[in-house]
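Residue numbers (our numbering): 3 to 532.
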């Protein structure tokens, strides 16, 4: 997009990037125009891959004498270009290190004039009337009140090919002494470890790796990057450890995702059969029933890192910061793809609507809009999973067709699933069926908590291993069991799931009668949904 805008001679472009030197080099690599900037405090032109100072005619106001001098005066530089015969093919690159509002305000009058000239040139089909082009390089996005004057382009991070070029240069310049790279994969591992870093930070970390370990180590770069992202507090990226084998029950969602993994990893096969692999899944259900575990196990099955975030991390009390945080989350996701993304608390604080303007000044509505934009712009190599405990207040557009490929309901574990869950947390010779019976309507998290509590109480009091009877006798004393506390909420979720959603478990579907205290029609049966 940037190249096309420069080539078209669009009068004003605002590029948001933290890498000034890299972007300056990137822009000047497009050979279709003449480039000017203030370089080393002098008005200069880019000639033969370097910046050359330009002599500008300055009139002495007292004597009227004209002198050819170098200058760093922006007004004199602009005047030189506007009067130049080559202005229609000239681009002035303004590197902004100050308040973006101040800069945009100072340039607004000139940009408006250039835009008028651009329109006149277009309407009269006269390329000779094309105006000077201005490009602003700034680490901050164009202020909203001036955005109508500029074409905005965001280019914060180098892509994989740029990082490979940097690694290759460092390898060649040291005759391979500071890298362990012997194959293309070795170079690729180093470059992938740097995805999501600006150029300066990537180079700095590679050199830090050399100082600390003697070589450029991908793990060193990756761990440093993860620590920086975690410190930011909005997005956390982890290596998934949970697998489907360590999750009790939920047979249907496991099968659907496992089948999807094949086509995700074999896109040519998917194209051959005319199908599109699932990329967006929403899990809805009762807290503590395995939604988070399914997200992590999915990332593991796909062989991807897991990026975790939630609405609570995004929301901020400062005006405009919550929206900026949401944009930052999706920007980081895009540059670090391929990735599996888990957005927790999806149904909480994302309702928006009329109350948002009254309660939070419309912040939730704006975050909601940023989320939808980010969701739409996610690349195909990002697998998104959202987890929610309720969706009552979500706007309809959040759940419309094609927003998510599947919406799965995760309910209370059925008897057979409780047996599996108990076996995960309690190894040995136990009557698992008896314990499963005693934990009816427990969530998986509550079963785990029960076993942990029983172990502590029994071992700390009697210094012995726990028995079946210990667990069974403690079960009725389990505090804050969701079924007792929020029974009607759970039943409402089951009713919604029965009417609208896919089920994560065939066994849970068959428990509807028991949960609702009703009787389904004999014609109702679970249908496995692919």
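Think of the CB as a built atom: it goes at the ideal place given N, C-alpha and C, for glycine as much as any other residue.
- In this structure, residue 196 sits near residue 204, with a CB-CB distance shorter than 9 angstroms.
- For residue 55, the pairing in a beta bridge is given by DSSP as 46.
- The C-beta separation of residue 240 from residue 135 comes to about 44 angstroms, leaving the pair out of contact by the 8 angstroms criterion.
- With contacts defined by Cβ atoms closer than 9 angstroms, residue 248 and residue 299 form a contacting pair.
- Between the region 135-154 and the region 107-115, the count of C-beta pairs closer than 8 angstroms reaches three or more; the two stretches touch.
- Counting only the Cα atoms, residue 379 lies some 29 angstroms from residue 498.
- In terms of CA proximity to residue 280, 387 leads the group 337, 387, 302.
- If you look at residue 507, you'll find it isn't in any alpha helix (DSSP H); DSSP assigns it neither H nor E.
- Residues of the same chain with a CB within less than 8 angstroms of the CB of residue 7, apart from the 5 flanking positions on each side, are 15, 153, 155 in chain order.
- Going by beta carbons, residue 289 and residue 445 fall inside the 9 angstroms limit.
- A distance of 9 angstroms or more separates the beta carbons of residue 385 and residue 452.
- Nearest C-alpha to residue 60 among 80, 48, 41: 80.
- Under the rule that a run must span 4 or more residues, the alpha helix (DSSP H) segments found entirely inside the region 284-314 read 293-304.
- Here residue 88 has 36 as same chain residues with Cβ atoms under 8 angstroms from its own Cβ, once five neighbours each way along the sequence are excluded.
- Look at residue 468 here: in three-state DSSP terms it is coil, with no helix or strand label.
- In this model, residue 227 and residue 414 are separated by some 39 angstroms (Cα to Cα).
- If you check the CB distance, residue 163 and residue 218 do not come in under 9 angstroms.
- Cβ contact annotation for residue 294 (same chain, cutoff 8 angstroms, sequence separation greater than five): 344, 346, 389, in chain order.
- Under the three-state reduction of DSSP, residue 70 is assigned to strand.
- Scanning 478, 377, 242 for the CA closest to the CA of residue 296 turns up 242.
- Exposure of residue 479 is indicated by the presence of fewer than 16 other C-beta atoms within 10 angstroms of its C-beta.
- When the alpha-carbon of residue 252 is set against those of 457, 417, 31, the nearest one is in 417.
- Note on geometry: alpha-carbon atoms of residue 406 and residue 282 lie some 5 angstroms from one another.
- In this structure, residue 29 lies away from residue 161, with their beta-carbon atoms at least 9 angstroms apart.
- For residue 139, the enclosing beta strand (DSSP E) begins and ends at 135-140.
- By the CB criterion at 9 angstroms, residue 94 and residue 56 fall outside the cutoff.
- For residue 260 and residue 303, the gap between their C-alpha atoms comes out near 7 angstroms.
- Per the DSSP secondary-structure output, residue 390 pairs in a beta bridge with 286.
- Counting other Cβ atoms within 10 Å of its Cβ, residue 9 stays below 16 and is therefore classed as exposed.
- Rounded to whole angstroms, the gap between the alpha carbons of residue 74 and residue 165 is 34 angstroms.
- Around the CB of residue 292, 16 or more other CB atoms lie within 10 Å, so the residue is classed as buried.
- The three-state secondary structure of residue 516, taken from DSSP, is helix.
- 86 is the residue among 102, 86, 141, 146 whose C-alpha sits nearest the C-alpha of residue 131.
- About 13 angstroms separates the Cβ atoms of residue 44 and residue 97, ruling out a contact at the 8 angstroms cut-off.
- No residue range can be given for residue 90, since it is assigned to no alpha helix (DSSP H) and is classified by DSSP as neither H nor E.
- Around residue 438, the same chain offers 417, 420, 421, 424 as residues with beta carbons nearer than 7 angstroms, after the five sequence neighbours per side are excluded.
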